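Numbering (mature numbering (1 follows the signal peptide of the UniProt record, and there is no 0)), first residue to last: -23 to -1, 1 to 521.
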């Protein structure tokens, strides 16, 4: 079984391995970056293939394993704790062979390790199969998969940033004492730009003073964006062409059409960090598995999502970009490709939507409220939607099934009809909130139907049910299923909750007591020409 899982994991990494040399023999004096990648991605296969005590199953294979292990430590129950103690700076990847996210992260981790090695970083690299060696995983703090941990003199720093090479490299350099990169020549600036990463640029005449200290503090505290500094205005203009003649300057450079953002605040650590946090995302963020956590935790709490397949979004992108420019740092705009069902479906399910056509929604993460653009997607409608979202006048969206046409002893209620059928109804209403997958709901539903038959002759009492898993209303809060609520006609604002543990007889007694219904009244109402109703009531009379 383990071999099968490892084979599946290897298949997931094939794309990364195709770009890596597969040579068995490595030259210790000339190990290039691609061989670091191979060491991180493939050393387990070499090690596991060798029979115990065989030294790797052959001279070339054993030599490859020994040499790759000189670059990448493969941790187990015996050496994990010691590795953390023996290496002043150790970057560790904890993974499981069956974990899809581990397979996605491993190539990025390997690329980051190769980049750090090329920069001359003193960081050592390690990986740990946490499923195979649970004791070691517990010892070093691998509590889930995948986990990236940096140990500096034995102190653990968990990585929570984007799963990209640049983000990991930036984070490691900051944690190991290089929060700011200093660029002093035009050549170094041009070379740095080739990386295509987001960075904050500071221009300081002498690299000293209170403002510079705050800049360095912010650089150290902000874990994802690389900070760069220079004292040469000609160098700065290569990085930020629009720079003026300020004595000192701070700006953000992004690898997207809206490349440059200038800082206009005071040089204080918190203000600098806030500027970077609010501006580091592009005009439109393409939602992926890798950046999902950062989208959820963004300091921009108002978020507008566009759901569409790629070919449809090509027609909408310019519209969204135009509107997004007017709401920078206030509303975050996100595109989700509906062809990526694992990304789009959880969102669309919240709205009860299928995603069969382009859709715009919004979410306020500070309140947990959601919104839907029900008009056509064009510049005018989208802008008005965003303005209303920003000023708090946009009505929240609540899911609802279509309005039902059928009637019955137990009325079907949906989100759109809860007001008219229950809250604004002149009747006393017993509402059953259920979910189709609820195990306990079936028995309760049968009892509600029996109660509806028993009380069917009363004009001032009706029974209703709502599938609360797909219907929402601001005045209906259901935390578990089934939930039984009695809404007295004289006060619909304070429904009375019935215990689902009550027997059928106890439920009937509860309703009669709360609504002051007498047995005589029930008998009188049953003396009608409606033979079917009388017969139905007679069938449940004995149970009550």
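C-beta: ideal position from N, C-alpha, C; glycine also.
Treat the numbers as computed from the prediction; the structure is a model and nothing was measured.
So residue i is in the beta strand (DSSP E); what residue range does that whole segment cover?
i, result
"residue 454", "Unbroken run through residue 454: none, as it is neither H nor E."
"residue 462", "460 to 464"
"residue 440", "438 to 444"
"residue 319", "Premise fails: residue 319 lies in the alpha helix (DSSP H), 318 to 328, not in any beta strand (DSSP E)."
"residue 73", "Run containing residue 73: none; DSSP gives neither H nor E here."
"residue 308", "308 to 314"
"residue 227", "226 to 230"
Return helix, strand or coil for residue i, following the three-state DSSP convention.
i, result
"residue 153", "coil"
"residue 109", "coil"
"residue 184", "coil"
"residue 145", "helix"
"residue 424", "helix"
"residue 469", "coil"
"residue 238", "strand"
"residue 215", "helix"
"residue 221", "coil"
"residue 401", "coil"
"residue 277", "coil"
"residue 485", "helix"
Tell me which residue opens and which closes the alpha helix (DSSP H) that residue i is part of.
i, result
"residue 96", "Unbroken run through residue 96: none, as it is neither H nor E."
"residue 134", "Element bounds for residue 134: not the alpha helix (DSSP H) but the beta strand (DSSP E), 132 to 135."
"residue 374", "Careful: residue 374 lies outside any alpha helix (DSSP H) and carries neither H nor E."
"residue 165", "163 to 170"
"residue 533", "Since the displayed the chain opens at -23 and closes at 521, residue 533 lies outside it and no answer follows."
"residue 61", "57 to 63"
Count the other CB atoms within 10 Å of the CB of residue i; is the residue buried (16 or more) or exposed (fewer)?
i, result
"residue 367", "exposed"
"residue 280", "buried"
"residue 228", "buried"
"residue 84", "buried"
"residue 398", "buried"
"residue 41", "No answer about residue 41 holds up, because its pLDDT of 44 lies below 50 and its placement is not dependable."
"residue 401", "exposed"
"residue 150", "buried"
"residue 146", "buried"
"residue 292", "exposed"
"residue 309", "buried"
"residue 344", "exposed"
"residue 410", "buried"
Which value, in whole angstroms, describes the spacing of the CA atoms of residue i and residue j?
i, j, result
"residue 267", "residue 78", "9 Å"
"residue 64", "residue 130", "7 Å"
"residue 440", "residue 330", "29 Å"
"residue 246", "residue 178", "14 Å"
"residue 160", "residue 192", "15 Å"
"residue 359", "residue 81", "35 Å"
"residue 214", "residue 173", "16 Å"
"residue 257", "residue 201", "9 Å"
"residue 132", "residue 194", "20 Å"
"residue 442", "residue 430", "15 Å"
"residue 488", "residue 420", "18 Å"
"residue 435", "residue 486", "15 Å"
"residue 233", "residue 73", "35 Å"
"residue 166", "residue 157", "14 Å"
"residue 282", "residue 370", "18 Å"
"residue 87", "residue 134", "18 Å"
"residue 458", "residue 465", "21 Å"
"residue 347", "residue 322", "15 Å"
"residue 265", "residue 259", "14 Å"
"residue 288", "residue 433", "56 Å"
"residue 98", "residue 318", "40 Å"
"residue 49", "residue 110", "17 Å"
"residue 236", "residue 230", "5 Å"
Whole-angstrom Cβ separation of residue i and residue j, contact assumed at under 8 Å?
i, j, result
"residue 100", "residue 69", "Not quite, the Cβ-Cβ distance comes to about 10 Å (not below 8 Å), so this is no contact."
"residue 461", "residue 474", "7 Å"
"residue 208", "residue 239", "Rounded, the Cβ-Cβ distance is 19 Å, inconsistent with contact."
"residue 107", "residue 119", "5 Å"
"residue 448", "residue 380", "Their Cβ separation, rounded to whole angstroms, is 11 Å, which puts residue 448 and residue 380 out of contact at 8 Å."
For a test of your reading of the model: does the CB of residue i fall under 7 Å from any non-hydrogen atom of the ligand PLP? Yes or no.
i, result
"residue 100", "No copy of the ligand PLP appears in this structure; indeed no ligand is present at all."
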